[in-house]
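According to the numbering used here, the residues represented by the sequence shown are 2 to 107, in order. For every residue, glycine included, the Cβ atom is placed at its ideal position computed from N, Cα and C. What follows is a single structure, written as structure tokens, with notes after it.
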Amino acid sequence: KPALHPQLYAKLEAAYPSNEQLYNLTRPPIVNRVQNARVDVQAATSLNSPQISDIWKQFVKYHTSSAFFREVQALLKTHIRYHHPTLKKTLKTGLRFRDDAKSDVI
């Protein structure tokens, strides 16, 4: 089973930002551009950027949401409890570099 519905994947692929857009969204912007290199764009940055399409903003917003985190927790509940029995059952989620101080998971 594909991780994403094929129609959603096609929309995301068509709207994928250019390398130049991604380089400019990193903090600080990447100057020495190398092929096949990892480029990290913060979720909060992508959600606020006019360079990122709405479909990608929706994708990032959902995959950084509490709802998505709860889905992952539900899928892995048995394994999480086995390996981390003292972990709180309810964790507050947030975005890295934005909600660090008020979140259990970023």
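- Tell me whether residue 77 is buried or exposed, calling it buried when 16 or more other Cβ atoms sit within 10 Å of its Cβ. So residue 77 ends up on the exposed side.
- Task: Under the assumption that residue 24 contacts residue 40 (Cβ atoms under 8 Å), give the Cβ distance between them as a whole number of angstroms.
- Result: Contact between residue 24 and residue 40 holds, since their C-beta atoms are separated by about 7 Å, short of 8 Å.
- Message: Suppose contacts are defined by Cβ-Cβ distances below 8 Å. Is residue 56 in contact with residue 89 by that definition?
- Response: No. Outside cutoff.
- Item | Own chain, CB closer than 7 Å to residue 26, minus 5 neighbours either side, in chain order | Apart from the 5 residues on each side of it in sequence, residue 26 sits with its Cβ closer than 7 Å to the Cβ of 42, 46, 47, 50, 52 in its chain, given in chain order.
- What is the DSSP secondary structure of residue 73, reduced to helix, strand or coil? If DSSP states are grouped into helix, strand and coil, residue 73 belongs with the helices.
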